[in-house]
Structure formats: structure tokens, C-alpha cells
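Here is the structure we will look at, set down as C-alpha cells.
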Amino acid sequence: MTFNSVIEDIKIVIKSIGKRGLLPTLTMVWHEYSFDSKYGIRTKGRQAQNKGKLESTNSKGGKEYQGYSYFLFRKFMNRLAIDFSQSVFVDFGSGKGRVLIMASEYNFKRIIGLEYAEDLFLESQINIGSTKVNASNIHIEHEDAAAYSIPEDANVLFFFNPFDEKVMESVLKNVDASMERTPRKIYIVYTSPTFETCFDERGYEKVFELHNGAKNEGIIYRV
Ligand SMILES: C[S@@+](CC[C@H](N)C(=O)[O-])C[C@H]1O[C@@H](n2cnc3c(N)ncnc32)[C@H](O)[C@@H]1O
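Using the numbering used here, you'd call the opening residue of the sequence shown number 263 and step up by one each time.
Set out below in C-alpha cells:
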């Protein structure tokens, strides 16, 4: 931990208190600092992408790495009215694998991660290997999310601020194509939402929205 990263963390906490309020922020900070050790993994902090290792034409549209909140993830999972044991979860931009490992506590049939940055992909493999939870149903692909053909049984799609609107559009076209080939109920968990219009224009139905103070934490859409 460097001096600069501590200052960066303090700024994030102050910003979060301004938007979410003190109690939700303190709860999230506590989870952030205790849960990596609970799971036996290393996923804390932010990390710019190692652009040199990206061959994808979508690398410009990709966002930096940050693991999703342990605290908030559960709030979204608890709202999914699905049979988890028959469901397939996909994390678009899976980083160091934190969301995949949290998902493994929900008894999904399969859990898939897509990560195009090689350094992050390799770190996620290490985390999957070292975690204390059963991660045997997790599979991570080193690939561009926009080029990924969505499996016909995938029904829970997770996004935590992975890329820009252009890449999001390409991914949602793939969702629509998969849905056309195999009609089914698909739920999209879209956290820290920025490009809601992409979803609204397609007529996806909002089934849940979570707010903490002024902050919209995320939306669950039914496709
Ligand atoms: C904010 S992080 C989310 C990490 C992870 N979902 C989690 O919460 O633990 C966004 C991730 O998306 C990845 N990413 C960005 N664009 C991508 C693309 N086109 N294909 C695959 N991964 C991408 C980034 O490298 C980064 O690891």
C-alpha cells in the first residue's frame, strides 16, 4: 500500500459519504477490508489496464479494474427470483475474479468470467485457485466481452462498470441474438449504471433498482 493509494482511498470514502451517507459507506469499507481475507483472495484496490497486453480493438472503451462491493453484491443476488441451481451467471469484465467468487456462494450451475486484460485474467486464475470457497464451477475466458457469443443457458448477466457505451451496445446485441435463438428469461444486473438508455431503448423491463442516498447503485432488468 503506497501513500498515494491511501490518499486515493480516502478521497473515494469522502465522495461515497457525500453520495451514500455515513452508515452505508462505513459498512462497505468494513466489508472491503475484511472479506478478501475471509475468501482467501487478493482483489482490493484499483488497477489501470495493462494496455500493452490488449490486442482487442475495444481496449480504448475498457474501464480500469476495481472489484465490486461485497456488501452490495448480496443485495442484488437476494432480489433474483430464480432457481440458482438451474442458472448460469456471466460476469462481463471479471477482473481479478471477485464477483465470480462471491457468485459461487449462490449455488449456480455454472459461473463464467470474461476478462480481456491478460494480467487481470492471470490474477483471477490465481484467486480462483487459492480461494477458501468451492470454486469448481467457475470458468474464466481470456476474451473480449464484445466478441463473446452468449451461451444459450446463460440467464444472469452481471456488469460492474466494465466498458463504454459502444462496447455495451455490441454486448447487448449479442444478448438479443442469444435470446432470439433461445427465448428464455434473462436477468441483467447492471451496477453503477451509466448507459441506461441502451437498456431502456431495447424495452428491457426494470424489476429492481437500489438507491443509497443520492447514489443509484444498480438496476436489475428482465430481458
Ligand atoms: C470495474 S472492473 C470489474 C471487475 C469485476 N467484475 C469485479 O467486480 O470484481 C471492469 C473490468 O472489465 C474489464 N474489461 C473492460 N473492457 C472489457 C472487454 N471489452 N472485454 C472483457 N473485459 C473487459 C477490465 O479489464 C476490468 O477488469
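Built from N, CA and C at the ideal position, the CB exists for glycine as well.
Annotated three-state conformation of phenylalanine 338 is helix, per DSSP. Secondary-structure assignment with DSSP links asparagine 474 through a beta bridge to Lys477. Using a 10 angstroms sphere on the CB of aspartate 462, the tally of other CB atoms stays under 16, which defines it as exposed. The continuous stretches of alpha helix (DSSP H) do not include threonine 444, and DSSP gives it neither H nor E.
A residue is called buried when at least 16 other Cβ atoms come within 10 angstroms of its Cβ; asparagine 396 does not meet this threshold and is exposed. Following the DSSP letters along the chain, one finds phenylalanine 354 inside the beta strand (DSSP E) bounded by residues 350-354.
Separation of the CB atoms of glycine 375 and aspartate 353 is rounded to 5 Å, and the pair is thereby assigned contact status at 8 Å. Checking the 7 Å criterion, the Cβ of threonine 305 is within range of a heavy atom belonging to ligand 1. Put simply, the region 414-423 touches the region 342-353. At least three CB pairs are less than 8 Å apart. Within the DSSP secondary-structure output, leucine 376 pairs in a beta bridge with Phe354 and Glu403. Nearest to leucine 288 by C-alpha distance, out of Glu270, Ser331, Ser299 and Thr305, is Ser331. Comparing alpha carbon positions, the residue from Val429, Phe422 and Lys394 closest to tyrosine 410 is Val429. As the crow flies, the alpha-carbon of threonine 393 is around 10 Å from that of glycine 359.
Inclusion of glutamine 328 in the 7 Å shell around ligand 1 follows from its C-beta lying nearer than that to a non-hydrogen atom of the ligand. Looking at Val433, His404 and Glu471, the one whose alpha-carbon comes closest to that of aspartate 381 is His404.
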